[in-house]
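Participant: Below is the structure I would like to discuss, written out as structure tokens.
2 protein chains.
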Amino acid sequence: MAADAEAGPVRAPLSRDRVLRAAVRIADDGGIGALTMRRLAEELGAEAMSLYYHVANKDEVLEGIADVVAREINEVVDALDVPSAGARWKNAVRRRILAAREVLLRHPWAPSVLETRAAMSPEILRYHDRLLGLMRDGGFSYDLAHHALHALGSRALGFSQELFDPGDGSGSPEELAGFADRLPHLVGMLSEIAHDDPDSTLGWCDDQSEFEFGLDLLLDGLDRLRERSS
Amino acid sequence: MAADAEAGPVRAPLSRDRVLRAAVRIADDGGIGALTMRRLAEELGAEAMSLYYHVANKDEVLEGIADVVAREINEVVDALDVPSAGARWKNAVRRRILAAREVLLRHPWAPSVLETRAAMSPEILRYHDRLLGLMRDGGFSYDLAHHALHALGSRALGFSQELFDPGDGSGSPEELAGFADRLPHLVGMLSEIAHDDPDSTLGWCDDQSEFEFGLDLLLDGLDRLRERSS
DNA sequence: CCTGGGATTCTTACGATGTAAGGTAACCGT
DNA sequence: ACGGTTACCTTACATCGTAAGAATCCCAGG
């Protein structure tokens, strides 16, 4: 009777892949906190419980989106073609890591997820395996390369914490004033650098260059160790 | 009538301090996931809503326990007395950081909490201020010391991620077998190191020495920069 | 065509969590 | 004794993940 009251445009069927893609979309705009099963279902024009036919539970969704990002990283890294033999290993590693970082900048929620659930994801393993490969080409022993990966830590994937999802960026300057006399060096540093730099105390740390500074520090140190052990 | 049916031993009154201490206790054994307002109230022999008289909300509890740990770190670090002038800055910084690390090993939940809510906590600021002080004593410019803090990142506080709260430590070896042919270098590394090392593939990474390796790599690199800029 | 049985989606419901709103009890200076 | 803070409790709600099972869809076999 009165057939299909509301014949909508027949939404595409669900699938693990569509679910994960939608999840990434939601996290990208709205943060990881916006990713709930109900919101995710809504995004797909379905009901929350329908998702469980394609995903075991929310944890699997998180692992899934971590893997999506890891795959995206590997794709970008695959596209690079940088010579890596001998002393050029350093530049090759550097390029790869900075490429990974660019991907993560598009997914600010990813570092925390990668870090907590994806250490053993196939894609992440593959990424690390290839970093190891570069170091081997450059003349590293496995032992040194292994230490190197530990030394790099999350930097190997292009992040180093605290700079992503920076909460609400609430003001350091005002709150600092109260007990500033107890922090002579921080205050000294701030005033000295603010003096040199025209733009005010806000955003006076350039994430990108700080990241590269730390990265290069490590890579230079590793290079010295490599030479010494050759 | 029939006065105080059950005259218990009159539990000590609540207070912000007692609440935070209880919260740390719960997180210490049970993990950060075990810390709920109801569980916290139970630990104190009270009801959940009573806590809200002493704490604004759960987020304040988290900030609070981060600060408790940070205070603990500062206490331990205060007890150190290491000469720091000139070239000895490096050893002084190293000792402080390893002391902080020992505190964090007693509170495995702390890294994640510190990292997300305590960047601007007074105690953390104080800790960083004193690291800066050591570097100044050692001859750093504020500019270089500033980069140094960024380079150290979470390592400055004694952790470097992924090694704490390691999930369930599920086996790498078996799962790896499936696609091991795609990971030639990881497999090569594993087999080579497993060969040298009598104890099997489990726990073949010594967190402590890996941490120190990365830390020294950074400190050595900084020392070279410092000398060059003098 | 019907029909029945998997594959897929939805409905309803439960327990856990953070916390708003407002009541009750304990304490204290007058 | 009593009014007012201060400290604590009761009840209730929204939101979350998800268990259990009903409803629907789709297609091969009669």
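Residue numbers (our numbering), protein chains in the order written: chain A, -9 to 220; chain B, -9 to 220.
Where a beta carbon is used, it is the ideal one built from N, C-alpha and C, also for glycine.
Could you give the distance in angstroms between the alpha-carbon of residue 173 of chain B and the alpha-carbon of residue 185 of chain A?
Facilitator: 51 Å
Participant: Is residue 153 of chain A helix, strand or coil when you go by DSSP?
Facilitator: Low confidence applies to residue 153 of chain A: its pLDDT is 44, below 50, so where it sits in the model is not reliable, and the reading given next is rough at best. Residue 153 of chain A falls in the coil class under three-state DSSP.
Participant: Does the separation of the CB atoms of residue 30 of chain B and residue 59 of chain B fall below 8 Å?
Facilitator: Cβ atoms of residue 30 of chain B and residue 59 of chain B: not closer than 8 Å.
Participant: If you compare alpha carbons, which of B:128, B:64, B:203, B:70 is closest to residue 94 of chain B?
Facilitator: B:64
Participant: Is there a Cβ of chain A sitting closer than 8 Å to that of residue 40 of chain B, yes or no?
Facilitator: no
Participant: Can you check which of these residues, B:70, B:136, B:98, B:180, is closest to residue 131 of chain A by C-alpha distance?
Facilitator: Cα-wise, what sits closest to residue 131 of chain A is B:180.
Participant: Can you look up residue 136 of chain A in the DSSP assignment and give me helix, strand or coil?
Facilitator: helix
Participant: Shortest alpha-carbon distance to residue 80 of chain B belongs to which of B:98, B:126, B:149?
Facilitator: Per the Cα distances, B:126.
Participant: Residues of the stretch 111 to 133 of chain B with a CB closer than 8 Å to any CB of chain A: list them in chain order, please.
Facilitator: 112, 115, 116, 118, 119, 120, 122, 123, 126, 132, 133
Participant: Just to confirm my understanding: we take residue 5 of chain A, look at its own chain, exclude 5 residues before and 5 after, and list those with CB closer than 7 Å. What are they?
Facilitator: Annotation for residue 5 of chain A: 44 place their beta carbon closer than 7 Å to its own, counting only its chain and skipping 5 residues before and after.
Participant: So, residue 204 of chain B versus residue 145 of chain B, is the Cβ gap smaller than 8 Å?
Facilitator: yes
Participant: The alpha helix (DSSP H) spanning residue 118 of chain B covers which residue range?
Facilitator: 112 to 127
Participant: Is the beta carbon of residue 71 of chain B less than 8 Å from the beta carbon of residue 108 of chain B?
Facilitator: no
Participant: Using CA coordinates, which residue listed in B:36, B:198, B:83, B:73 is at the minimum distance from residue 213 of chain B?
Facilitator: B:83
Participant: Buried or exposed: residue 169 of chain B, going by 16 or more other Cβ atoms within 10 Å of its Cβ?
Facilitator: exposed
Participant: Near residue 12 of chain A, what residues of its chain come up, given a Cβ to Cβ distance below 7 Å and the 5 sequence neighbours on each side ignored?
Facilitator: 30, 33, 34
Participant: Looking only at C-alpha atoms, which of A:106, A:19, A:140 sits nearest to residue 121 of chain A?
Facilitator: Distance check between residue 121 of chain A and each of A:106, A:19, A:140 places A:140 closest, using alpha-carbon atoms only.
Participant: In angstroms with no decimal places, state the Cα-to-Cα distance between residue 160 of chain A and residue 218 of chain A.
Facilitator: Any reading at residue 160 of chain A is ruled out, since the residue's pLDDT is 43, under 50, leaving its predicted position unreliable.
Participant: Hey, how far is the Cα of residue 134 of chain A from the Cα of residue 197 of chain B?
Facilitator: Spanning the two alpha carbons is a distance of roughly 15 Å.
Participant: List, in chain order, every chain A residue whose beta-carbon is nearer than 9 Å to that of residue 135 of chain B.
Facilitator: Residues of chain A whose Cβ lies closer than 9 Å to the Cβ of residue 135 of chain B are, in chain order, 175, 179.
Participant: Can you name the start and end residues of the alpha helix (DSSP H) that residue 66 of chain A belongs to?
Facilitator: 48 to 69
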